[in-house]
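Chains as they are written, first to last, in the working numbering: chain F, 68 to 264; chain Z, 68 to 264. The structure appears right after this line, and notes come after that.
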DNA sequence: ATCTAATGTTGACATCGTAAACATAACTCT
DNA sequence: AGAGTTATGTTTACGATGTCAACATTAGAT
């Protein structure tokens, strides 16, 4: 667990930016977004409370970096699932990612950070979604219907993830199934139709 | 615009709790959740910064009251839609509610408040969802399949609402349609199957 | 009318985000 | 190698916030 830092640093840290993102990521996942303050992050990285400002213009910029990391990981998980199990696996992977990293997922989609305002974040996020809807649209060879269906599919997994995360689904509904099986069954209860009136 | 208050109150306000909820609601919808502080709420209600503590144990309790109001309104909108246009209308109403009250919706589902910890909130929320899934389950006369499908339907509208709110849907995908029409088409691109493998 | 509980107010404290001024190390150019 | 410049940390300071404790005022019950 000990990240072996090669040299003992005095004034200049060496790679503060990465260290800050790491500290912040830990706080986020273990204590939640509310507990994630710039000052605490600095404390854990062993620097003064204002050092982060050399690397992040404001608190939101740090959050944006964490969100970006999240989109990258989600994208990777999606690609991996696409290879192994196709579309259905991608949907399941989406939901499982959210359930395994709820705080991260909330940061990514909770609307606390303005995605549009952070360039790199925006690019990565866009790319991730393009992969998702591209995979779906490729299966339904009709222009608008396919696009609508791919958005419906995305909305479905996205909504299911959030409802599960928020404990909004009564345990009775799970009916004894494991979460993974439950997700599979729910997703399987849906059919996408290209041109529906 | 002037809420005509009958009497000029000196020390005791008369109905501070309601006034606070009103002020807070205004801040929430106009300036967003981040701008919603206890102190600002008190200021707008014309009382000292600590007066709210006589009515709300903590900030989160005020937020919970706002969320509860939201669930009540969502539930009402759902019931109304159910009468007029059946299931499909309920789905559309759900999404439209979210788009018309994005900040409120975020508060209700953003995970900032622990729903379970606030009794009244929990009850109202549960009741609202029971109405939703009940309406759906009634249409598919098979136990588990129906339940899964009803959750899928809910997830679908929920996810679509959040994606639209977060501007995560490229305008190209809307293809010139009005938002309402777009929602209708996307929802229409999905079929629910009771027992799917 | 008096006592008590409810409701508001004042003052205080720790924490936070952020800005400005300062300190130190690293890099560049000669 | 030495001087000047830039990047990176630190200190100090300010206003805002949530919350606590002590106090003030009023409404209701006796």
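Using N, Cα and C, we set each Cβ at its ideal position, and we do this for glycine too.
Under 8 Å Cβ to Cβ from residue i, same chain only, skipping five residues before and after it: list those, please.
i, result
"residue 247 of chain Z", "159 and 163"
"residue 166 of chain F", "228, 231, 232 and 246"
"residue 99 of chain F", "170"
"residue 181 of chain Z", "127"
"residue 93 of chain F", "111"
"residue 264 of chain Z", "Confidence in residue 264 of chain Z is poor, its pLDDT being 42 and thus under 50, which makes the residue's placement unreliable; the coordinate value appears in the next sentence. So no residue of the chain qualifies."
"residue 117 of chain F", "109"
Taking residue i as part of the alpha helix (DSSP H), name the residues at either end of that continuous run.
i, result
"residue 123 of chain F", "Here residue 123 of chain F belongs to no alpha helix (DSSP H), and DSSP marks it neither H nor E."
"residue 189 of chain F", "186 to 204"
"residue 173 of chain Z", "169 to 176"
"residue 253 of chain F", "246 to 255"
"residue 92 of chain Z", "83 to 98"
"residue 240 of chain F", "238 to 241"
"residue 110 of chain F", "105 to 112"
Quick one: what's got a C-beta closer than 6 Å to residue i's C-beta in the same chain, skipping five residues either side?
i, result
"residue 123 of chain Z", "129"
"residue 87 of chain Z", "108, 112 and 119"
"residue 132 of chain Z", "88"
"residue 90 of chain F", "108, 111 and 112"
"residue 144 of chain F", "160 and 164"
"residue 74 of chain F", "Because the pLDDT of residue 74 of chain F is 43, which lies under 50, any placement of that residue in the model is unreliable, and the number read from its coordinates should be weighed accordingly. None."
"residue 157 of chain F", "145, 148 and 149"
"residue 259 of chain F", "216"
Can you list, in chain order, the residues of its chain with a C-beta nearer than 7 Å to that of residue i? Leave out the 5 residues immediately preceding and following it.
i, result
"residue 114 of chain Z", "80 and 83"
"residue 126 of chain Z", "105"
"residue 214 of chain F", "204"
"residue 140 of chain Z", "none"
"residue 221 of chain Z", "199 and 200"
"residue 249 of chain F", "241"
If you pair each beta-carbon of the stretch 180 to 187 of chain F with each one of the stretch 214 to 227 of chain F, do three or more pairs fall below 8 Å?
no
Between the stretch 192 to 216 of chain Z and chain F, which residues of the former have a C-beta closer than 7 Å to a C-beta of the latter?
196, 211, 212, 214, 215 and 216
Going along the chain, which residues of the stretch 157 to 170 of chain Z sit with their C-beta nearer than 7 Å to a C-beta in chain F?
none
For the stretch 218 to 230 of chain Z, which residues have a beta carbon sitting closer than 9 Å to at least one beta carbon of chain F?
218, 219, 220, 221, 222, 223, 224, 225, 226, 227, 228, 229 and 230
The stretch 192 to 206 of chain Z / the stretch 195 to 207 of chain F touching (three or more Cβ pairs under 8 Å):
no
Where the stretch 240 to 252 of chain F meets chain Z: residues whose CB sits under 7 Å from a CB there:
240, 242 and 252
Quick one: which residues of the stretch 170 to 192 of chain Z get their C-beta closer than 8 Å to a C-beta of chain F? List them in chain order.
173, 176, 177, 178, 179, 182, 183 and 192
Name, going along the chain, the residues of the stretch 112 to 131 of chain F whose beta-carbon falls closer than 9 Å to a beta-carbon of chain Z.
none
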